[in-house]
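Per my numbering, the first sequence starts with residue 163, numbered consecutively.
Right, one structure below, let's go through it.
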Amino acid sequence: MPEGPELHLASLFVNKVCNGLVFTGAVEKSTVSKNTDVPFSCPEYTISALSRGKEVKLILTPVDDGSEGIHIIFRFGMSGCFKFTPEDQIPKHAHLRFYTKDTPQWILCFVDPRRFGTWVVNGSWQPERGPCVMQEYEKFRDNVLNNLSDKAFDKPICEVMLNQKYFNGIGNYLRAEILFRLQIPPFMPARTVLEALKNPNQKPLGLL
DNA sequence: GTAGCATGCCAAC
DNA sequence: TTGGCCTGCTACC
163 MPEGPELHLA
173 SLFVNKVCNG
183 LVFTGAVEKS
193 TVSKNTDVPF
203 SCPEYTISAL
213 SRGKEVKLIL
223 TPVDDGSEGI
233 HIIFRFGMSG
243 CFKFTPEDQI
253 PKHAHLRFYT
263 KDTPQWILCF
273 VDPRRFGTWV
283 VNGSWQPERG
293 PCVMQEYEKF
303 RDNVLNNLSD
313 KAFDKPICEV
323 MLNQKYFNGI
333 GNYLRAEILF
343 RLQIPPFMPA
353 RTVLEALKNP
363 NQKPLGLL
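Here is the structure:
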């Protein structure tokens with residue numbers, strides 16, 4: 163599931179299903195998860211989401227009472243996703259659970275069978291990760307083209323595309339699909355491929 | 001039953 | 001650079 167586009171879709175999904183809903187009580191963590199507890203409990207709060215590259219931010223906002231909200235940064239590992247289900251249908255591997263106030267209760271769950279996913283309470287977007295390839299296109303492009311002297315670009319393009327400092331959101335499937343569709347030999351040196359994009363007359367390649 | 005594989009990091013060597 | 005973290009699924013014996 164999770165490369166940049168899926169993380170972005172996850173944020174849209176959260177915003178869609180949580181729109182207009184009020185959540186209540188504590189955020190529950192599964193006993194098996196090694197991730198941190200989420201020390202947040204509130205009689206009434208709302209949930210919204212943002213995404214950036216391969217991260218999603220959940221924002222928990224108390225209704226009315228003026229208390230402090232929190233946010234949680236998620237990385238999905240190999241199998242993370244959000245699901246929204248009735249109380250009697252909580253899926254297996256639901257490691258973090260947010261309960262609606264309405265009855266019947268519905269639960270927003272962070273589901274992650276392999277448990278490679280992580281979350282950080284009140285964390286920031288990982289500072290080493292570059293701009294989002296989808297939502298910060300110009301910044302992403304500039305970050306690559308203005309730093310081609312970085313030794314990171316000594317490597318083949320297929321390796322560099324997994325470097326989240328420059329390609330935040332690209333994963334194994336996407337790099338393969340992109341290089342195939344653009345007919346770029348995967349082991350061509352990255353700098354050779356990317357230098358060409360500095361020329362404004364260069365026929366644009368799909369990625370940049 | 002078992003081997004092999006899976007969209008990602010992350011820390012120890 | 002390598003191994004570790006995990007579960008679930010499929011192909012094969």
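Think of the CB as a built atom: it goes at the ideal place given N, C-alpha and C, for glycine as much as any other residue.
Nearest to residue i (by Cα), restricted to the options the options
i: ASP226; options: PRO275, ARG214, VAL184, ASP250; result: VAL184
i: GLU290; options: ASN181, GLY231, ARG214, ASN177; result: ARG214
i: SER286; options: HIS233, ALA256, THR193, THR186; result: HIS233
i: ARG277; options: PRO266, LYS254, TYR328, TYR261; result: LYS254
i: TYR299; options: GLY331, ALA338, PRO351; result: GLY331
i: LEU220; options: CYS243, VAL176, LYS313; result: VAL176
i: LEU351; options: GLY231, LEU169, LYS216, GLU321; result: According to the sequence displayed, residue 351 carries Pro and not Leu. For the residues GLY231, LEU169, LYS216, GLU321, the minimum Cα distance to PRO351 belongs to GLU321.
i: THR280; options: THR262, TYR335, CYS294, LEU258; result: LEU258
i: LEU359; options: ILE269, ALA188, LEU341, VAL306; result: VAL306
i: LEU324; options: GLY333, ASP316, ALA256; result: GLY333
i: GLN267; options: ASP274, THR247, ARG353; result: THR247
i: VAL283; options: ASN181, THR198, ARG353; result: THR198
i: ARG353; options: LEU336, ASP312, ALA338, LYS327; result: ASP312
i: ARG237; options: PRO318, ILE319, GLY166, ALA338; result: GLY166
i: VAL273; options: GLN288, GLN297, THR262, GLY242; result: GLY242
i: ALA256; options: LYS178, VAL355, VAL189; result: VAL189
i: PRO275; options: LEU171, GLU168, VAL194, LYS178; result: VAL194
i: GLN345; options: PRO293, ILE319, ASN361, LYS327; result: ILE319
i: ASP304; options: LEU222, GLU357, PRO224; result: GLU357
DSSP state of residue i mapped onto helix, strand, coil
i: ASN325; result: coil
i: ALA236; result: Per the sequence presented here, residue 236 reads as Phe, with Ala not at that position. Strand at PHE236.
i: PRO167; result: helix
i: LEU344; result: coil
i: THR198; result: coil
i: GLY182; result: coil
i: GLU339; result: helix
i: THR193; result: coil
i: PHE349; result: coil
i: SER229; result: coil
i: ASN334; result: helix
i: LEU222; result: strand
i: ILE252; result: coil
i: LEU356; result: helix
i: LYS245; result: strand
i: LEU310; result: coil
Counted within 10 angstroms of its Cβ, other Cβ atoms place residue i as buried (16 or more) or exposed
i: ASP250; result: exposed
i: MET240; result: exposed
i: PRO347; result: exposed
i: ARG343; result: exposed
i: PHE244; result: buried
i: ASP316; result: exposed
i: PHE329; result: buried
i: LYS216; result: buried
i: THR372; result: The requested residue 372 does not occur in the structure, where the chain is confined to residues 163 to 370.
i: SER173; result: buried
i: GLY182; result: exposed
i: PRO201; result: exposed
Any non-hydrogen atom of the ligand PLP closer than 7 angstroms to residue i Cβ
i: VAL200; result: The ligand PLP is not part of the structure shown, which contains no ligands of any sort.
Inside the stretch 268-307 only - alpha helix (DSSP H) runs reaching at least 4 residues: You should have 299-307.
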